[in-house]
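This report refers to the structure that appears directly beneath it.
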Amino acid sequence: SAVISQKPSRDICQRGTSLTIQCQVDSQVTMMFWYRQQPGQSLTLIATANQGSEATYESGFVIDKFPISRPNLTFSTLTVSNMSPEDSSIYLCSVASGTNSYEQYFGPGTRLTVT
Amino acid sequence: QQQVKQSPQSLIVQKGGISIINCAYENTAFDYFPWYQQFPGKGPALLIAIRPDVSEKKEGRFTISFNKSAKQFSLHIMDSQPGDSATYFCAARVYTGTASKLTFGTGTRLQVTL
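Written out as structure tokens, the structure reads:
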């Protein structure tokens with residue numbers, strides 16, 4: 001399985017500011033996903049990012065709030081914009097080698113607290 | 001509705017016992033059913049998975065039982081150990097034509113006591 005790293009691992013931010021989370025994979029992957037996991041809760045898919053195309057957002061998530069970049073096959077960023085305390089959560093990057101791959105592997109997550 | 005229902009929410013098992021977590025789904029387009037294990041402060045780790053053409057899959061102490069007609073699947077952890085204490089998520093995959101999408105259950109917090 002791929003080795004996935006995320007930066008930062010955690011951050012405390014003030015409301016109204018933005019934070020960019022980086023996801024780096026040690027091998028080329030077609031699909032990268034961004035999830036949100038509120039403390040003690042399940043995982044919710046924010047968007048799917050294919051290299052070379054616009055990210056596809058799930059219902060309830062919009063590009064203006066969560067812009068995503070996918071410049072190459074090993075890297076992606078998620079920005080949480082104009083943050084509010086409700087954005088406090090764990091943000092997880094996940095990867096799959098192909099568009100129709102079964103296995104998805106997760107990074108360690110970024111724990112965000114908005115004050 | 002693409003939903004996966006998971007139970008119980010929490011589970012306490014004695015060391016050496018069997019832990020059983022259940023999931024149910026509605027969408028017959030789901031074609032792959034993984035289980036993830038998550039320790040505090042870590043990302044979910046793929047533990048074991050099954051496809052619907054198989055009724056059971058075993059890997060070490062972990063077994064998935066799959067009942068396609070009932071649209072249910074379960075994780076059995078045999079000889080449960082304190083190191084198994086974690087949160088377990090079932091999930092189900094659908095292929096949209098352009099990407100795989102996982103839908104997760106609500107999670108089960110397992111505690112294995114001595």
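Chains as they are written, first to last, in the numbering used here: chain C, 1 to 115; chain D, 1 to 114.
Quick reminder that beta carbons are idealized off the backbone N, C-alpha and C, glycines included.
Check: Under 7 Å from the C-beta of Y105 of chain C: neighbouring residues of chain D; Outcome: L46
Check: Chain-ordered chain E contacts of N72 of chain C [CB-CB under 8 Å]; Outcome: Within the model displayed, chain E is absent; protein chains C and D are what it includes.
Check: Between the CA atoms of S18 of chain C and Y88 of chain D - distance to the nearest angstrom; Outcome: 32 Å
Check: Stretch pair the segment 33–50 of chain D + the segment 92–108 of chain C: three plus CB contacts closer than 8 Å; Outcome: yes
Check: Pair within 8 Å by beta-carbon distance, F62 of chain D and C23 of chain D; Outcome: no
Check: Check whether E58 of chain C and L45 of chain C have beta carbons under 8 Å apart; Outcome: yes
Check: Neighbour list for G60 of chain D in chain C, Cβ cutoff strictly below 7 Å; Outcome: Correct list: empty, because the minimum Cβ distance to chain C is about 17 Å.
Check: Any C-beta of chain C under 8 Å from that of F104 of chain D; Outcome: yes
Check: Backbone secondary structure at E54 of chain C - three-state DSSP; Outcome: coil
Check: Beta-carbon neighbours of Y95 of chain D, restricted to chain C and to distances below 7 Å; Outcome: N100
Check: Sequence-distant residues of the same chain with beta carbon closer than 8 Å to R15 of chain C, five excluded per side; Outcome: M83, S84, P85, V114 and T115
Check: Buried or exposed by the 16-neighbour rule on C-beta atoms within 10 Å, applied to C32 of chain C; Outcome: Note that residue 32 of chain C is Met in the sequence shown here, rather than Cys. Buried.
Check: Pairwise C-alpha distance: S42 of chain C and G105 of chain D; Outcome: 7 Å
Check: Inter-residue Cα distance where the pair is L110 of chain D and P67 of chain C; Outcome: 35 Å
Check: Delimiting residues of the beta strand (DSSP E) encompassing E59 of chain D; Outcome: E56 to E59
Check: Contact belief for Q38 of chain C with S89 of chain C at Cβ below 8 Å, rounded distance in angstroms; Outcome: 5 Å
Check: Residue-chain proximity (M32 of chain C, chain D), Cβ-Cβ < 8 Å; Outcome: no
Check: Residues in the segment 70–95 of chain C having any Cβ partner in chain D nearer than 7 Å; Outcome: L92
Check: Selection of the segment 22–38 of chain D by Cβ proximity to chain C, strictly under 7 Å; Outcome: Y32
Check: Cβ pair count under 8 Å reaching 3, the segment 69–82 of chain C against the segment 52–67 of chain D; Outcome: no
Check: Below-8 Å beta-carbon distance, P39 of chain C vs any chain D residue; Outcome: no
Check: Sequence-distant residues of the same chain with beta carbon closer than 6 Å to V80 of chain C, five excluded per side; Outcome: L19 and D87
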